[in-house]
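Below is one structure, written out as C-alpha cells, with a few remarks after it.
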Amino acid sequence: MSPSRRDFLHTSIATGGALGLGMFIRPSTYFGKIPRAQKPLRILILGGTGFIGPHQVRYAVSRGHTVTLFNRGRTNPHLFPDLEKLRGDRDGDLEALKDREWDAVIDNSGYVPRIVRQSAQLLKDAVNQYLFVSSISAYASFGEVDMDETAPLATMDDPTLENIRRYYGPLKALCEQQVREAFPDRATIVRPGLIAGPGDRTDRFTYWPARIDRGGEVLAPGDPTDPVQLIDVRDVTGWMVRLLEQSDAGVYNAVGPEARLSIAEMLYGIRAVTNANVSFTWVDADFLAEQGLRPTVWTPPRGRTAGLGLVSRDRAMAKGLTYLSLAVTAKDTLDWHKSRTEEEQSRLNARLSSDRETEVLAAWHARAGA
Ligand SMILES: NC(=O)c1ccc[n+]([C@@H]2O[C@H](COP(=O)([O-])OP(=O)(O)OC[C@H]3O[C@@H](n4cnc5c(N)ncnc54)[C@H](OP(=O)(O)O)[C@@H]3O)[C@@H](O)[C@H]2O)c1
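Residues in the sequence shown are numbered consecutively from 10, following the numbering used here.
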C-alpha cells in the first residue's frame, strides 16, 4: 500500500473529533495517524466548510499545517472551532485578508472571474502558491477519449456574464486565467471530475449506494460496459495539500478511479458493500433520453460526452494522486448517508425519485413485452 493511501486509512478519530468533524468521520476508514509533512505550511482556504473543504482541512491539520479559513460564516459555521476564521465576502469584502501572509492558498469557492481576480490580485504578493479548484467542465467538449490537460477549454461569447449555473464550465476556464495572470509561475490548477464521498450533498454518487441499499429492482443506465469516473473526496483533497507541500505548479485533471471503471462494475461494486437483495435492469440510452431521464454519474458515451468517462488521470498520478478503493468510497458514503436526518435521506437529490424509477421501469418492460 502506498504511503499516501495508508495516510487516508490511518487518520485519527480523535483528530476528527477535536476539529468538529464528527459528521464526516467514519471509524471504518479513519484510525491511526497521518504522518506529518516535512515542513509545516501556513495555508489559507477560501471557503473550507462545505463539502471538499472539511476534508482538506482535516488532512492539512493532520499533516501539521496551520490552516486559516476565509468565508462568510454561513455554511457550517460550527466546524473547526480551533482554527483561525477570517470573515468576509469574496465579492467585495476581502478586508480580513489584507496585510497577512501565507505560504499557500486553496481557492475552493471561485466561480466568477471578476471575483477570483479580486483575491488573486490581493494575494499575489502575500502567498507563494495559489491552488485554484477548477473542474473538468472547463473543457470545451468531451468528444475525445483520454483527454489530457492540453485539450481546448470552453469559451463564452460574453465573458462578463456571471450566470454560474448556465456557464459553469466557461466561467471556471476564465477564473483559471485570472489566477494564472496573477501567479504566472506559481498557480496550481486542479480540474476534478465528479467528486464522491461522505459529506456530498449533491447526492450524485450517494444516490447509487443509497438506492442499491434499499434493494429491489434497480434501474441501471445505458450499456453495462459504459465507462464512468468519480474521485473520492479524500483522495482529491489530500492530494491538493500534498501539491502545496511540493510547491507544485501546473494544471491537473483530478479524476478516478485508478483503473477504468464501467457502470456495471460500479453498481456491482456498490452492491458488494451492502446486504441488499438487488436486481439490475439495464435501460438503454435512447430510451432514457426519450423519457427525459438523466441518471447521475453515468452519461451516454457518444457525441460530445463520448470521452467523459475516460478523461486522462496520468499527469495527476505521476504527481502522487492515489485512490481509495470503490468499496471504501461506497461504504463510507452509505454510512454517512445513513447518519443524515430522515428528512435529508428522503430528499435524496439525484434526478430520479423512487416513483419515477418505477414508472420508467414499467414503461421499459412494456416496450420489451410489446
Ligand atoms: N463536487 C464536485 O463533484 C466537483 C467537481 C468538480 C469541481 N468541483 C469544485 O470543487 C469546489 C467545491 O467546493 P466546496 O463547496 O465543496 O468547497 P468548500 O470550501 O467546502 O465550501 C465552500 C465554501 O465557500 C464559502 N463561500 C461561499 N461563498 C462565499 C463568498 N461569497 N465569500 C466567502 N466565502 C464564501 C462557504 O462558506 P460561507 O457560505 O460561510 O461563506 C464555504 O466555506 C468548487 O470550486 C467546485 O466548482 C466540485
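From the three backbone atoms N, C-alpha and C, an ideal C-beta is built for every residue, glycine too. Just so it is clear, the structure is predicted and the values come from calculations on it, not from any experiment.
Looking at the DSSP output, Ser-271 shares a beta bridge with Pro-236.
With respect to Leu-317, Phe-151 sits close: the two C-beta atoms are nearer than 9 Å.
Taking the Cα of Phe-296 as reference, the smallest distance to any Cα among Ala-372, Leu-357, Asn-262, Gln-354 is reached at Ala-372. Comparing alpha-carbon positions, the option among Arg-213, Arg-322, Asp-257 lying closest to Glu-267 turns out to be Arg-322.
For the 9 Å CB-CB criterion, Asp-212 and Ala-359 form a contact.
Taken through DSSP and simplified to helix, strand or coil, Ser-256 comes out as coil. Beyond the five residues adjoining it in sequence on each side, Thr-314 comes within less than 6 Å, by CB distance, of Phe-151, Thr-308 in the same chain, given in chain order. Taken in chain order, the whole alpha helix (DSSP H) runs of length 4 or more contained in the segment 173–203 are 173–191. As DSSP reads the structure, Pro-230 sits in a beta bridge with Val-292. Distance from the C-beta of Ile-52 to the nearest heavy atom of ligand 1 is not below 8 Å.
Residue pairing of Ile-52 in beta bridges, as defined by DSSP: Val-76, Ala-113.
With at least 16 other beta carbons inside 10 angstroms of its own, Ser-128 counts as buried.
For Ile-145, the shortest separation between its Cβ and any heavy atom of ligand 1 lies below 8 Å. The closest heavy atom of ligand 1 lies less than 8 Å from the beta carbon of Pro-63. Distance from the C-beta of Phe-60 to the nearest heavy atom of ligand 1 is below 8 Å. Of the residues Arg-83, Asn-85, Asp-91, the one whose Cα lies closest to the Cα of Val-76 is Asp-91. By a beta-carbon distance limit of 8 Å, Ile-124 contacts Asp-100. Their separation comes to about 5 Å. Rounded to whole angstroms, the gap between the alpha carbons of Val-114 and Phe-60 is 17 Å. Cβ-Cβ distances below 6 Å link Arg-189 to Ala-196 in the same chain, with the five nearest sequence neighbours on each side left out; the list follows chain order. Between Ala-191 and Ser-143, the C-beta spacing is not below 9 Å. In the three-state reduction of the DSSP assignment, Asp-98 falls in the strand class, which pools E and B.
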